[in-house]
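Notes to accompany the following structure.
Numbering (full-length UniProt numbering), first residue to last: 1 to 160.
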């Protein structure tokens with residue numbers, strides 16, 4: 001059974017972090033995640049849950065000014081991108097964007113629309129939006145690997 005999309009309601013910040021924790025148990029490199037949503041919707045909060053659950057002990061901050069924050073965790077190269085302040089996608093060429101997407105990397109890209117045309121296709125695109133005081137997250141698979149991850153995530157949620 002292939003799952004193309006899952007929509008989840010998250011009541012608070014901890015639920016967003018928990019979703020990142022759950023996803024971390026299902027992923028292996030290479031993998032590309034896109035995160036889209038309004039400012040403050042929870043993209044970095046989700047990323048923090050994912051990265052810390054993989055084994056990073058320190059803080060996870062949004063790389064808004066540096067564009068990318070690298071982490072090496074248990075043999076995985078994790079690259080957290082925030083392209084919000086990117087003015088021209090060609091800037092990604094100057095920073096060697098293609099070198100980040102390797103067989104041992106997990107690339108998490110916030111504001112992927114800003115890098116249109118220079119980023120590889122996401123395995124999973126995550127859309128986060130405000131709903132009252134909580135959030136709604138839609139995860140869409142764009143690869144076989146993405147579909148497998150969503151199927152496992154869906155099965156885990158149905159067991160709870």
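Note that beta-carbon positions come from the ideal geometry of N, C-alpha and C, so glycine has one too. Computed from a predicted model, the values in this text were never measured in an experiment.
In the three-state reduction of the DSSP assignment, residue 102 falls in the coil class, being assigned neither a helical nor a strand state.
Distance from the CA atom of residue 151 to the CA atom of residue 126, rounded to whole angstroms, is 15 Å. Inclusion of residue 148 and residue 8 in the CB contact set at 9 Å is not warranted, their separation being larger than that value. Contact annotation: residue 134 and residue 140 have beta-carbon atoms that are not nearer than 9 Å.
Taking 8 Å as the upper bound for CB-CB distance, residue 86 and residue 114 are in contact here, some 4 Å apart. Each of 80, 76 and 54 was checked against the Cα of residue 65, and the nearest Cα belongs to 80.
Per DSSP, reduced to three states, the secondary structure at residue 82 is strand.
Here residue 36 has 127 as same chain residues with Cβ atoms under 6 Å from its own Cβ, once five neighbours each way along the sequence are excluded. Annotation for residue 5: the continuous beta strand (DSSP E) segment containing it runs 5-10. Around the beta carbon of residue 110, 16 or more other beta carbons lie within 10 angstroms, which makes this residue buried.
Each residue's CA atom was taken as its position, placing residue 24 and residue 132 some 27 Å apart.
Scanning its chain for C-beta atoms nearer than 7 Å, with the 5 sequence neighbours on each side dropped, one finds around residue 120 the residues 32 and 101, in chain order.
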